[in-house]
Every structure is written in structure tokens, then in C-alpha cells.
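Here is the structure we will look at.
Number of protein chains: 2
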Amino acid sequence: MSDKRIVVALDAMGGDNAPGEIVLGALDGLKRSDSLCVKLVGDPAAIAPFLEGQEYDHDRLEIVPASEVIEMSEPPVAAIRHKKDSSIVVGMNLVKNGGADGFVSAGSTGAVLVGGQLVVGRVRGVDRTPIGVVFPTAKGLALLIDSGANMDARPGNLRQFAVMGSLYMENILGVKSPRVGLVNVGVEEEKGNALVKETYELLKETEGINFIGNIEARSIPYGEADVIVCDAFVGNVILKLYEGTGGALIGMIKEALYSSLRSKIGGALIKPALKGTLKKLDASEYGGAPLLGLKGLVVKAHGNSTRKQIANTLMQTVTFVEKDIVNKVAGALGASSESKED
Amino acid sequence: MSDKRIVVALDAMGGDNAPGEIVLGALDGLKRSDSLCVKLVGDPAAIAPFLEGQEYDHDRLEIVPASEVIEMSEPPVAAIRHKKDSSIVVGMNLVKNGGADGFVSAGSTGAVLVGGQLVVGRVRGVDRTPIGVVFPTAKGLALLIDSGANMDARPGNLRQFAVMGSLYMENILGVKSPRVGLVNVGVEEEKGNALVKETYELLKETEGINFIGNIEARSIPYGEADVIVCDAFVGNVILKLYEGTGGALIGMIKEALYSSLRSKIGGALIKPALKGTLKKLDASEYGGAPLLGLKGLVVKAHGNSTRKQIANTLMQTVTFVEKDIVNKVAGALGASSESKED
Chain B
0 MSDKRIVVAL DAMGGDNAPG EIVLGALDGL KRSDSLCVKL VGDPAAIAPF LEGQEYDHDR
60 LEIVPASEVI EMSEPPVAAI RHKKDSSIVV GMNLVKNGGA DGFVSAGSTG AVLVGGQLVV
120 GRVRGVDRTP IGVVFPTAKG LALLIDSGAN MDARPGNLRQ FAVMGSLYME NILGVKSPRV
180 GLVNVGVEEE KGNALVKETY ELLKETEGIN FIGNIEARSI PYGEADVIVC DAFVGNVILK
240 LYEGTGGALI GMIKEALYSS LRSKIGGALI KPALKGTLKK LDASEYGGAP LLGLKGLVVK
300 AHGNSTRKQI ANTLMQTVTF VEKDIVNKVA GALGASSESK ED
Chain D
0 MSDKRIVVAL DAMGGDNAPG EIVLGALDGL KRSDSLCVKL VGDPAAIAPF LEGQEYDHDR
60 LEIVPASEVI EMSEPPVAAI RHKKDSSIVV GMNLVKNGGA DGFVSAGSTG AVLVGGQLVV
120 GRVRGVDRTP IGVVFPTAKG LALLIDSGAN MDARPGNLRQ FAVMGSLYME NILGVKSPRV
180 GLVNVGVEEE KGNALVKETY ELLKETEGIN FIGNIEARSI PYGEADVIVC DAFVGNVILK
240 LYEGTGGALI GMIKEALYSS LRSKIGGALI KPALKGTLKK LDASEYGGAP LLGLKGLVVK
300 AHGNSTRKQI ANTLMQTVTF VEKDIVNKVA GALGASSESK ED
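Here the protein sequences line up with chains B and D, keeping their order. Residue 326 in numbering that gives the first Met the number 0 sits at position 327 of the first sequence; the count goes up by one each step and never skips. Residue 3 in numbering that gives the first Met the number 0 sits at position 4 of the second sequence; the count goes up by one each step and never skips.
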């Protein structure tokens, strides 16, 4: 590939809206970035109809055949081990062998996580590879790490999440000296369960991060930290409750607006102003989430991604490659991503 | 005390707004319920000025002197052991010795929890005494249990929380066969960390509860369960994030409404309709939270309670006594609250 070309392998078969929305998202992505090349991984017969009649730069789009699909419900370890010709395994092998700069999938989160570790491999020195999800707060964007990969994490894992998250916010989103907060039940140092108490001690001693101490969940939406560190169980609760509370509240407000003629008129008047606010809060605007700590770039897109979100995730992946996030994480955690050992 | 009288000991010295708002809340409570008697526990010299000039039934309000105050920042175990004449210890001893039917405090959560266990004592057979907090959802009220007492809980503790929570919702809020959900990262049985996987198995086998399986955090605000079971760390995150997300979102909407003349007019028109919705979501409408599994009734009010919330909590406490929640929990968990053993 040429100097400026960035090749992204894209799982055409993964996600609720595959392959149609995935393929259309790839085409949108190609229009938005001239340096992007996409390798659509999957069943050519399923992909082809969505390309028919479309105008695009044929030099920058290639179909890489994969005959199998890993279903959402399959146990991830067995699926990765046995479905060697699945779109996920084929796509990840492209990353491993230099055939792509990164891999994007909206498929089974479990399979993507397991595939990342078994196929692409962890950077030496990294014990767990978290998912970092960027989400909107009242003050801008924050990174929630780990938001779904590692149940039953240990304090040392959370320390690495803090380092990786800081690198991410600094390099990808340009936040200088990002504020790292540890999710806890109170701000005082002695608060919390065994995991966070030990993690607190480790984070205090970790050089190169801007640890601001414990943060309570209530201050997350107000943007009091840029990097929000927690184990995956808590991260999952935060992410989903954030989504659910926003949705439920907006639903209740809409209901209230329909309750009288007066409020209906008012609702029509505020619509344009509210739209901007709601868009700011829409997590789908922010694309996918990279798995950090792998030897290659793997990005998980939301399972229900539409073409818009796929295109956004591809744009984000281009940035990850340009900013060399994989090697920066590897460098910070004491090993090179070139290492073949684990 | 007469048959119909319900005596509540009230910590006059606990909380951000003590003693003023606590005393005024007691007076409001006396007006709202004829069967309520309040024993204000604390420094008579600090309490007296707030009673001066007020009209109230002197037969139903008594000051019980306590010379010490447990501060928010004090280590709870040492505080309860050493400050024998603190308002919390004196108030709890009233419950223990039959001088009151219940105790309400807006003071240090840690001290109230420890005092509950050391002074009032746990029901035999109950390993941990959770805090159950009632909060609003799109469909009505739900109980979050444990929402702040037991870090690092075990599966057996969570099973007891489910039983206690069901009794609470059925007896206090009149929900028939309340739906019990276990907070998890997915709805599938095999999901989650070690704690919830084991808890799931226990809940499946627990008779007398309506276990509906795992629930994801995103469905909590929609009211998909009546009793939401989790350990205290997760419960704390849920409660505080719920509060924070609602607050941040409403703040952003208000900001949007002020962004143009058009939206300002719209905002004015929708105000009455929105007010009802926001009131429904205001957790302070729902009073305090009982510590379940103790031999006597202890209710924790929010630290920043105002007179309104104190009065609401007193009304709620009257209901707890009338519904005999303490003995119902004791009965269900295999021991009598009369037992002096632990």
C-alpha cells in the first residue's frame, strides 16, 4: 500500500444490519476520506448486491471472501477457534499479517474480544485489553474504560486502563493532561470495595497520568473527568444506564409536551433548540470503540450500527492509524507491538 | 404509649441542615399525622430555638438529650463505640429498648449502618443489612437494594436482599408479586462476573420471590423490575448516575431553551407540563430508606434533607411501623426480631 493509504478491513457480516448498512457505510466512508481503502470481509454473494449500481473508487474497495459468520449467540472462544474462515477471524488475520491497518466489526462483542486476544494478540506487558467508549458529557467528551471487556478485573488491570485511556484522550481527542478519575462510592480515599481501594493506591503512584482521585457516578455526566476508570461490570452499568436514563427522561418529557394544547405549541417552538442538544447526547455520533492493548488495531462498532455509524467508525479508525495509537499504548506499557510474544 | 401512637426517634443533630430543618420537619410531620409522636434526640440548647414560638401538640413532641454528635467524616465503628451519648447511639438505644418504634437520621450513613448493626442488632439469619432506596421510573416506583451498605457482598447476601426487597415492595408499596431483577451486563443467564453468576443460580431456586432474571442497566429507568438487586458498589453507581444524568440533561435542556427568543417562548409554554414530570422524577419526594434486616426500625434520610424531606421520611416511617416491615423481614428470613442473639 502507498504511504498515505490507510487500509481498513471491515466485517461485512457482523451486526444487526449486515451486510446492507455495513456496505453502504463503507461507500460513505470512501467518499469522506481519500486516504481510506476498505477491504469488505464476508460472503461476496451477500455483499455484491449492495455495491451494484453504486459509484465508488474501485481501487479503494476490495471484497475479501470469508465463508463463515459468527453469530451473536455463539460462545466466543469456540467460535473463534473453529470458524477459521469467519469474517471476524479472516479480518483479524489481515491485521496480524499486515494486509490491513485496522479491523472494524459490528458483530458479537465477545467474539471480537476473544479474536483480538487469540488472533491479533496482546501487547507484551498488557494483561487485559479493555474497551474504551467515548461518550458525551455536559462539558464535552469523556472516555469510559473498561466499558465491557473484563469482568472481575484486578487493580493492576485498572492501572493499565488508566494509562491507555490517558494516551487515547491525549492522542486521539487532543485533551492535554486528561483528568483520570476512579469510579467510587465517594470521593474520599478510604471509600469503596477492595478492588477500588487497591487501585487507588496504584493510581496515586502511577507516573505520567493526571489522577484526580475518586469520582462519584453523579459527577460523570457533568464532565468532571476525561478518563473514567472502572471494571467492565461497572462500566457496562454506567454506559447502559446513561443511555437508558436519557431515553426514558426524553420519553417522559415528550409525553408531557403532548398533554395539552399549550404544551404542544411550546413543544413545536422548542424543537429546533432541543434537536442540537439531543444530537450532542447521541452516542452514535461518536463511532466505535477501540480495543486497547492489542498488537494491532481492532475497533468494535455498536451492534445496531447503521451506515452513518459505520462511516463514522471508519473515519475514527483512520484517525487511530494516523495517530499510531497501537504503538503508543505498547510503548507506554513497556513493550513493542512488534513483539510476537505474549 | 397508647395503641395508635407511633413513636419515632429523630436525630436532630444529623445531616447538612441540622438542627433547624430537622426540627421544622418534625413539626410538619406532627401536623400531617395524628398518630405520630416524635422524640427529638440531640442538644436541647440547639433544638429549643427552633421550637420557640411554634404551635404544636406538646404531648407528641419530646426532646431526648444527647450531648455528642457524630460527624460525617468520623470513622463509623470508632464513633459508634466511643460516642455513647451521641444522638445516633441514644436514638438507636430508644429503638432497642422499646422507647421508640423507629429511628430516623440524616446523619453519617456509615455511622447509621454500623450503629444499626452494633446497637439495634441484626435479625438472626441475616448476614448483611442492606439499604433499600425507592426511586422513580417511567412506570412507577422501584426499589434498589443494596444501594449503599455492603461493599464486596457475596451471592448469599444478594439472595437475602431479593427476599427483603420483595417484602418491602409488597407490604409497603402494595406491589403484588413484585418482579425481581438482577443487575447484569446482559440478560442471558451465563453473563456477568462471578458474583452475579452465582447469585443468578441462587435466585432461580429461591421460593416466594418473582425472579424475572437478569436486567440490563438501560432498562431500569423504564421500570422493567420492581426490585432491583445488586451489590452496594453497583447500587451506589446506579443511584448517583441516575441523579446525575437527570440533572445534567435537564440543565442542558434548560440551556437550549434559553438559546433563542422562539425557544424561550416555547419554554414558558411547556413549563406547567414539565413541572409535573420533573416532580415525578424528584427522588426527594420519596423520603428515606430503611435498613432492612435489623431487629428494629432504622431509616436513613438523605444527608441534605430539608424540612419537607424529613416530614416525608417521618410519614414513611409511620407506614413502616403500621405495616410491621421489621417482623415481616425477620419472619421471612427464618428468625424473630425478638431474638436477642445474632
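Heads up, the beta-carbon is just placed ideally off N, CA and C, and yes, glycines get one too.
Take residue i and list the residues in its own chain whose beta-carbon comes closer than 8 Å to its own, dropping the five residues that flank it on each side.
i                : result
lysine 322(B)    : Asn170, Ile171
glycine 191(D)   : Asn183, Val184, Gly185, Tyr199, Asn213
leucine 256(D)   : Ser262, Lys263, Gly265, Gly266
glutamate 20(B)  : Gly14, Ser304, Thr305, Arg306, Ile309
aspartate 341(B) : With a pLDDT of 39 at aspartate 341(B), under the threshold of 50, the modelled position of that residue is not reliable, and no figure is offered here.
Under 7 Å Cβ-Cβ, which residues of chain D neighbour residue i?
i                : result
serine 66(B)     : Near serine 66(B) there are no residues of chain D at all, since even the closest Cβ is about 27 Å away, more than 7 Å.
methionine 71(B) : Simply none; closest approach about 10 Å.
threonine 276(B) : Met251, Ile252, Ala255
arginine 127(B)  : Within 7 Å Cβ-Cβ: nothing; arginine 127(B) doesn't reach chain D, min ~13 Å.
Please classify residue i as buried or exposed, where buried requires at least 16 other C-beta atoms within 10 Å of its C-beta.
i                 : result
serine 176(B)     : exposed
lysine 294(D)     : buried
methionine 0(B)   : Only weak support exists for where methionine 0(B) lies, its pLDDT of 43 falling under 50; the coordinates are left without a value.
glutamine 53(B)   : exposed
leucine 39(D)     : buried
asparagine 149(D) : buried
alanine 44(D)     : exposed
leucine 260(D)    : exposed
proline 129(D)    : buried
lysine 239(D)     : buried
arginine 121(B)   : buried
glycine 164(D)    : buried
At a CB-CB cut-off below 9 Å, which residues of chain D make contact with residue i?
i               : result
tyrosine 241(B) : Ala216, Arg217, Leu240, Thr244
arginine 178(B) : Under the 9 Å cutoff, chain D gives no residues; its nearest Cβ is about 17 Å from arginine 178(B).
How would you list, in chain order, the residues of chain B whose beta-carbon sits under 7 Å from the beta-carbon of residue i?
i               : result
tyrosine 55(D)  : Neighbours of tyrosine 55(D) on chain B: none; closest Cβ ~36 Å, over 7 Å.
tyrosine 221(D) : Gly243, Ala247
leucine 273(D)  : Ile252, Ala255
valine 236(D)   : Val182, Ala216, Val233, Val236, Ile237
According to DSSP, what are the bridge partners of residue i?
i                    : result
isoleucine 214(D)    : Val182(D)
arginine 342(B)      : Outside the modelled stretch of chain B, which goes from 0 to 341, sits residue 342(B), for which no answer is possible.
threonine 136(B)     : Gly139(B)
asparagine 209(B)    : Arg178(B)
phenylalanine 102(D) : Ala8(D), Val297(D)
proline 64(B)        : Gly41(B)
Anything in chain D within Cβ reach of residue i, meaning under 8 Å, just list it in chain order.
i                 : result
methionine 150(B) : Val184, Gly191, Asn192, Ala193
arginine 80(B)    : Neighbours of arginine 80(B) on chain D: none; closest Cβ ~18 Å, over 8 Å.
lysine 199(B)     : For clarity, residue 199(B) is tyrosine in the given sequence; the question names lysine instead. None at all; the shortest Cβ gap to chain D is about 13 Å.
isoleucine 264(B) : Gly265, Leu268
Report yes if the C-beta distance between residue i and residue j is below 8 Å; otherwise report no.
i                 : j                 : result
tyrosine 241(B)   : threonine 305(D)  : no
alanine 141(D)    : glycine 222(D)    : yes
threonine 136(B)  : isoleucine 219(B) : yes
valine 125(B)     : glycine 292(B)    : yes
alanine 288(B)    : glycine 131(B)    : yes
alanine 300(B)    : alanine 105(B)    : yes
alanine 231(D)    : aspartate 145(D)  : yes
valine 236(B)     : isoleucine 237(D) : yes
glutamate 51(B)   : serine 107(B)     : no
valine 94(B)      : alanine 193(B)    : no
leucine 356(B)    : arginine 153(B)   : Past the boundaries of the shown model lies residue 356(B); chain B is included only from 0 to 341, so the question cannot be answered.
leucine 166(D)    : glycine 234(D)    : no
isoleucine 208(B) : threonine 276(D)  : no
CB-CB under 7 Å to residue i, same chain, minus the five flanking residues each way: which ones, in chain order?
i                 : result
isoleucine 211(B) : Arg178, Val179, Gly180, Ala224
isoleucine 46(B)  : Ala11, Pro18, Val22, Leu39, Ile62
arginine 4(D)     : Ser34, Cys36
asparagine 92(D)  : Val118
valine 174(D)     : Met168, Asp225
tyrosine 55(D)    : Leu26, Leu29
glutamate 67(B)   : Lys82, Asp84, Ser85
glutamate 204(B)  : none
Which residues in the same chain as residue i place their Cβ atom closer than 6 Å to its Cβ, once the five residues preceding and following it in sequence are excluded?
i                    : result
valine 6(B)          : Met0, Cys36, Ala99, Asp100
alanine 78(D)        : Ile69, Ala110
leucine 112(B)       : Ala148
valine 89(B)         : Val40, Ala65
glycine 13(B)        : Ser104, Ala105, Gly106
phenylalanine 102(D) : Ala8, Gly90, Met91, Val94, Val297
Listing by chain order, which chain B residues have their CB less than 8 Å from the CB of residue i?
i                 : result
isoleucine 130(D) : Per Cβ cutoff of 8 Å: no residues; isoleucine 130(D) is ~12 Å from chain B at best.
alanine 137(D)    : Ala247, Gly250, Met251
Please confirm if residue i has its CB atom under 8 Å from at least one CB of chain E.
i             : result
glycine 14(D) : Given the protein chain composition of this structure (B and D), no chain E is represented.
Is residue i near the ligand ZN, judged by its Cβ being under 7 Å from some heavy atom?
i              : result
leucine 142(D) : Here there are no bound small molecules, and the ligand ZN is not part of this structure.
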